[in-house]
Each structure stands twice: as C-alpha cells, then as structure tokens.
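Numbering (our numbering), first residue to last: 197 to 310. Cβ atoms here follow ideal geometry from the backbone N, Cα and C, with glycine treated the same way.
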Amino acid sequence: MYENKSKPLASKKAFQKRLFFHVLIAILLVLITLIIGILGHIYFDDMQVTNAFVASITLVSGLGLSILPETTAGQVFASIYGMLSSYIYVATSSIVLAPVFHRILHKFHLDESY
C-alpha cells in the first residue's frame with residue numbers, strides 16, 4: 197500500500213487518493229461503531245431509536261453519557277461501549293494520520309537522487 201524508501205515519493209494526486217481512502221475507512225469504522233451502539237442501547241436498555249442514537253454519538257465523540265441507562269444490562273453495555281469507543285477514537289485518528297506521517301518520514305529518508 198505504501199512505497200518503501202527505495203522508491204520515489206508518491207505524487208500529490210496519489211497521496212490525496214490514499215488519504216481519501218483512509219478517511220473513508222475511518223468513517224466506516226465510526227459508522228459501524230455507532231450502529232453497534234444504537235443496537236446495544238435498544239436491546240439492553242429498551243431505548244427509543246433517537247435516544248439510542250444520541251447516547252451512542254455522545255459516547256463515540258468523547259462527551260460521555262448523555263442518557264443514563266436504567267437497567268443493569270444497559271449500564272454494563274454503556275460501560276463497555278464507552279471504553280471501546282475511546283479505542284475507536286485512537287484507531288480512527290491513527291488510520292487518518294498514517295499516510296501523513298508516512299509521507300513526512302519518507303521525504304526525510306529519500307535519497308538525493310530523487
């Protein structure tokens with residue numbers, strides 16, 4: 197997927213395409229996480245779809261619980277989902293920033309012949 201240090205730096209267009217692809221993967225990961233959260237809140241805590249959406253979106257965005265779960269199963273789910281949401285935040289940040297850091301490091305390590 198990435199060029200190694202013996203190859204020339206990717207063109208600006210190729211880099212933009214790669215970055216766009218990584219952003220799409222990150223968005224897909226967040227959407228999957230939101231769907232899991234919405235379904236979990238509906239199943240474990242009998243929330244309405246709109247309330248489950250708000251609860252999931254606030255946890256994924258890092259704001260914390262906006263709607264407190266009423267059942268024990270809902271509280272356990274919200275706790276686990278909250279912990280996993282923080283990992284999703286780190287993962288999506290890494291996915292988006294990986295091409296940028298690779299390009300910077302590749303530029304530093306280019307041979308003078310390129």
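Fill in: Run of the alpha helix (DSSP H) containing Leu293, from where it starts to where it stops
Counting from 1 along the sequence shown, the entry for residue 293 is found at position 97. Start and end: 268-304.
Item to complete: Identify which residue in Val272, Thr288, Leu306, Ser290 has its Cα closest to the Cα of Phe240.
Response: Taking the first residue of the sequence shown as position 1, residue 240 is located at position 44. Answer by Cα proximity: Val272.
Worksheet entry | Classification of His218 by the beta-carbon crowding that lies within 10 angstroms, buried from 16 upward | Stepping through the sequence shown from its first residue, residue 218 is reached at position 22. Label assigned to His218: buried.
Worksheet item: Can you name the start and end residues of the alpha helix (DSSP H) that Ser252 belongs to?
Response: As a position in the sequence shown, residue 252 is number 56, starting the count at 1. 245-256 is the extent of the alpha helix (DSSP H) around Ser252.
Discussion item. Please report the straight-line C-alpha distance between Val245 and Gly236, rounded to a whole angstrom.
Written reply: By 1-based counting over the sequence shown, the position of residue 245 is 49. By 1-based counting over the sequence shown, the position of residue 236 is 40. Answer to the nearest angstrom: the Cα atoms are 11 angstroms apart.
Discussion item. Going by DSSP, what residue range makes up the alpha helix (DSSP H) through Leu230?
Written reply: Against the sequence shown, residue 230 aligns to sequence position 34. Boundaries of the alpha helix (DSSP H) around Leu230: 208-241.
Practice prompt. Determine, using beta carbons only, whether Leu225 and Ile276 come nearer to each other than 8 angstroms.
Written response: By 1-based counting over the sequence shown, the position of residue 225 is 29. By 1-based counting over the sequence shown, the position of residue 276 is 80. It is not a contact, given that the beta carbons lie outside the stated cut-off.
Item to complete: Count the other CB atoms, across all protein chains shown, that sit within 10 Å of the CB of Ser252; report buried if there are 16 or more and exposed otherwise.
Response: Counted from its first residue, the sequence shown places residue 252 at position 56. Buried, since its Cβ has 16 or more Cβ neighbours within 10 Å.
Practice prompt. Whole angstroms is fine: what's the gap from Val250's alpha carbon to Thr288's?
Written response: In the sequence shown, counting from the first residue as 1, residue 250 sits at position 54. In the sequence shown, counting from the first residue as 1, residue 288 sits at position 92. Distance between the alpha carbons of Val250 and Thr288 is about 20 angstroms.
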